[in-house]
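Heads up: the structure comes next, in C-alpha cells.
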C-alpha cells in the first residue's frame with residue numbers, strides 16, 4: 001500500500017459536466033469514452049505523440065505568419081484596387097469608431113491564436129524530453145482560459161460571405177492570405193482536438 | 209443499477225482548470241496543488257452570474273438588431289443595413305444557402321442561447337429533475353455553437369477594410385455591429401459561467 005491519495009486518485013477521472021467519478025480507461029485507436037451519466041466526452045484517443053503535436057504547432061506558426069503578412073482578398077473597381085490584411089481590418093475598425101470590434105478582431109484572430117501557438121510550442125518543446133518548461137504552470141492555466149476565444153474558422157466563413165456580398169459590384173481576387181487562413185483553420189481544428197491536459201501527466205513534477 | 213458516485217459524495221473535487229482529483233477539505237480558499245487554481249465544488253455564484261450576463265446580453269441584443277450594422281455608400285447613394293436586411297439582401301442576390309448560414313449564425317444561434325440558458329437557469333433553480341440528459345446535451349450544444357455568431361461582425365469588419373474607393377464606393381461600420389459584438393461576448397461569458405453540474409445536483413445545493 002502506502003500510495004499517497006494523489007497517486008491513488010490519479011487513476012480517477014471526474015466528468016467536468018456532471019461531477020461523476022470514473023475510472024480512467026485509456027481509450028484505444030479511434031475510441032472516445034463518454035460519461036455514463038451525462039454522455040459528455042471524457043477522453044479521446046490521440047494518434048499524435050508529443051513530436052506530432054509539436055509539428056502541428058510549428059506548421060501553424062509558419063502558416064499564421066503568412067496569413068498575417070499577405071493580404072486576404074483584393075477588390076478591383078475599374079483600374080483601382082483595394083486589398084485588406086488582418087491588421088488592416090483591425091486598424092480600419094479602430095479609425096471608424098468601432099474600437100470594440102477592433103479589439104475583438106485583434107484578440108480572437110491575432111493575439112489568442114498566436115499566444116496559443118507560442119505557448120503550446122514552448123511547452124511541447126520541453127515535453128519532448130519529458131520535462132516541464134519554465135513557466136509550465138501559469139502557461140497551462142492561461143491556455144485553459146484562452147481555449148474558447150480563438151475564432152479563425154468563423155472568420156474564414158466571414159470572408160466567404162463578404163466575397164459573395166461584393167462579387168456583383170467588384171472584381172474579387174483571392175490572395176495568399178485566404179489560403180493561409182484556410183490552412184490555419186484546419187491546423188487549429190486538429191490542434192484543438194488535442195487535450196493539452198495530458199501534459200500534466202506526461203511531465204511528472206520534480207520535487208526539490 | 210450500478211450508478212457511479214459523484215465527486216461531491218466522495219469528498220473530492222475535480223479541479224476546473226487542470227482536472228486533478230483533489231481532496232475536499234471544506235476549508236475556504238482551497239487551491240489545486242497541481243495548477244494552483246482555486247478549488248470550488250461548483251462554479252462560484254454560477255446562477256446569479258449567468259442571469260446577470262444573460263440579461264445584459266439580451267438588453268444589448270435589442271439595439272444590435274434594430275440599429276443598422278453597416279453603411280454602403282456608392283456615388284452618393286447611401287444604404288444602411290441591419291442584420292436582418294443583410295440576410296435578405298444575400299438571399300435576393302442569389303446566395304440563399306449562404307443567407308441561411310448567416311441567418312442561423314446571427315439570429316437563430318443567439319435566440320437559441322437566450323432560450324436554452326434561460327430554461328436551464330429556471331429549471332436548475334427549481335431543482336427540477338425533468339429531462340436531465342436532454343438539458344445536459346442542450347448546454348453542450350449552446351457552448352459549442354455560441355461563438356459562430358461572431359460571423360456578421362467579421363463580415364462588416366472585412367468589408368470596411370476592403371471597400372475603400374472613396375466617393376465611388378465605401379463601407380462603414382455602424383453602432384449596431386458594436387452592440388452585436390458585445391452581445392456575442394456576453395452570451396459566451398454567460399454560458400461559461402453556468403455550471404452544468406448543477407443540473408444533476410437536484411434540490412439541495414446551490415453555492
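Residue numbers (the numbering used here), protein chains in the order written: chain A, 1 to 208; chain B, 209 to 415.
Using N, Cα and C, we set each Cβ at its ideal position, and we do this for glycine too.
Is the beta carbon of residue 178 of chain A sitting closer than 8 Å to the one on residue 161 of chain A?
No.
Between which two residues does the beta strand (DSSP E) carrying residue 201 of chain A extend?
Residue 201 of chain A -> not in any beta strand (DSSP E); alpha helix (DSSP H) instead, spanning 198-202.
If you draw a straight line from the C-alpha of residue 64 of chain A to the C-alpha of residue 338 of chain B, how long is it?
Their Cα atoms are separated by approximately 46 Å.
Between the Cα of residue 120 of chain A and the Cα atoms of A:169, A:61, A:84, A:11, which residue gives the shortest distance?
The shortest C-alpha separation from residue 120 of chain A is found at A:61.
With C-beta atoms as the reference, is residue 364 of chain B less than 8 Å away from residue 278 of chain B?
A contact, by the Cβ cut-off of 8 Å.
For the structure I just gave you, are there three or more beta carbon pairs, one from the segment 174-192 of chain A and one from the segment 312-330 of chain B, closer than 8 Å?
Contact fails: fewer than three Cβ-Cβ distances are below 8 Å.
According to DSSP, is residue 381 of chain B part of a helix, a strand, or is it coil?
Residue 381 of chain B: strand per DSSP, three-state reduction.
Could you compute how far the alpha carbon of residue 347 of chain B sits from the alpha carbon of residue 25 of chain A?
Those two C-alpha atoms are separated by around 26 Å.
Nearest candidate by alpha-carbon position, reference residue 261 of chain B, set B:378, B:407, B:409, B:396
If we check each option's Cα against that of residue 261 of chain B, B:396 comes out closest.
Thinking C-alpha only, which one of A:195, A:59, A:149, A:54 is nearest residue 111 of chain A?
Answer by Cα proximity: A:149.
For residue 377 of chain B, tell me which candidate among A:198, A:80, A:36 has the shortest Cα-Cα distance.
Of A:198, A:80, A:36, the smallest CA-CA separation from residue 377 of chain B is found for A:80.
Under the rule that 16 or more other beta-carbon atoms within 10 Å means buried, what is residue 212 of chain A, buried or exposed?
A query on residue 212 of chain A cannot be resolved here, the shown segment of chain A reaching from 1 to 208 and no further.
Whole angstroms are fine: how far does the CA of residue 266 of chain B sit from the CA of residue 248 of chain B?
The straight-line gap from Cα to Cα measures roughly 29 Å.
Which residue from A:170, A:196, A:49 puts its Cα closest to that of residue 116 of chain A?
Closest option to residue 116 of chain A, Cα to Cα, is A:196.
Cross-chain neighbours of residue 400 of chain B in chain A, by beta carbon under 8 Å
The answer, in chain order, is 148.
Put residue 402 of chain B into one of helix, strand or coil per three-state DSSP.
Correct three-state label for residue 402 of chain B: coil.
CA nearest to the CA of residue 282 of chain B, picked from B:379, B:409, B:303
Checking every option, the nearest Cα to that of residue 282 of chain B belongs to B:379.
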